[in-house]
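Visitor:
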Amino acid sequence: MRIAEYGTMLASVLTATTYSAPEGTPMGRTGQAVIRMASAYESDGRMFLSGDDPVNALAAFLYGLGWLHCGIASGLLDYSGKGPECPFATPAENVPASQYLKLDEKTGRYANLLTTAIASVTPSPAPGTPAHVFAQQVLFIAGIYLQRGNREAGEGRPEEGLSCFSYGHGWLDAGVECGLYSIHANREIFTVD
């Protein structure tokens, strides 16, 4: 998939997404925050792409999609489309050779970031509650994308690796915003204040 198409996908999902809880309620504000983050990364991705920075554009678009998909799966967001498209249905296009060093550096850094993020949180809802089950699911999803990203990068597909790491971290960061986790280390790598 062309990197610009990830931006189109993110914009399309954003257009078809609203927050589900009443405005002004804690859940309504959380839904707004998830949409705001995804929208900011869609905008950042477009800016990176127009500035001939496909590496950061790819990371931004996939991170934003992770935020939205987590918000939709949690029930905080309503999605009126036919079902959010899978960003991994086709491989990401290769970045130009002039971007390889940047791609390798960012892919390695994001692998470490997601590894650290997963190790830095514990589910905060009480065991046995639906929120605790969902927190476990989000951790599982982040872990799956960490494993897949490591495999893809290790097999010489760093664009796919970066996509996986960014998407998985988007899911986990959105879960933190939703109150699913207590952060016990490395608070600075999450978007909460």
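Okay, so the sequence shown: first residue is 473 according to the working numbering, each after it adds one.
All C-beta atoms, glycine included, are put in the ideal place defined by N, C-alpha and C.
Pick out whichever of 568, 567 and 631 has its Cα sitting closest to the Cα of residue 439.
Guide: Because residue 439 is not part of the residues shown, which for the chain are 473 to 665, the question remains open.
Visitor: Is it buried or exposed for residue 558, if we count other Cβ within 10 angstroms and need 16 for buried?
Guide: Answer is exposed; the Cβ neighbour count stays below 16.
Visitor: List the endpoints of the continuous alpha helix (DSSP H) containing residue 587.
Guide: From DSSP, the alpha helix (DSSP H) with residue 587 extends over 572-591.
Visitor: Do residue 478 and residue 560 count as a contact pair if the criterion is CB distance below 8 Å?
Guide: No, these two residues do not count as a Cβ contact at 8 Å.
Visitor: Going by other Cβ atoms of all chains shown within 10 Å of its Cβ, with 16 needed for buried, is residue 509 buried or exposed?
Guide: Buried: at least 16 other Cβ atoms inside 10 Å.
Visitor: Quick one, which of 627, 489 and 592 has its alpha-carbon nearest residue 614's?
Guide: It is 592 whose Cα lies nearest to the Cα of residue 614.
Visitor: Run through DSSP, which three-state label would residue 540 get?
Guide: DSSP places residue 540 in helix when its eight states are reduced to three.
Visitor: Under three-state DSSP, which class holds residue 548?
Guide: DSSP places residue 548 in coil when its eight states are reduced to three.
Visitor: Have a look at residue 527 and residue 495 and give me their C-alpha separation to the nearest angstrom.
Guide: Near 36 Å, if we compare the C-alpha coordinates of residue 495 and residue 527.
Visitor: Would you mind sorting residue 468 into buried or exposed? The rule is 16 or more other CB atoms within 10 Å of its CB.
Guide: The first residue shown for the chain is 473 and the last is 665, placing residue 468 beyond what the model contains.
Visitor: Per DSSP, what kind of secondary structure is residue 654 in: helix, strand or coil?
Guide: Correct three-state label for residue 654: strand.
Visitor: In this structure, does DSSP put residue 663 in helix, strand or coil?
Guide: Coil at residue 663, not helix or strand.
Visitor: Out of 619, 481, 568 and 634, which one is the CA nearest neighbour of residue 541?
Guide: Residue 481 is the option with its Cα nearest to residue 541.
Visitor: Give the straight-line distance between the Cα atoms of residue 607 and residue 616, rounded to the nearest whole angstrom.
Guide: Going from the Cα of residue 607 to the Cα of residue 616 covers about 14 Å.
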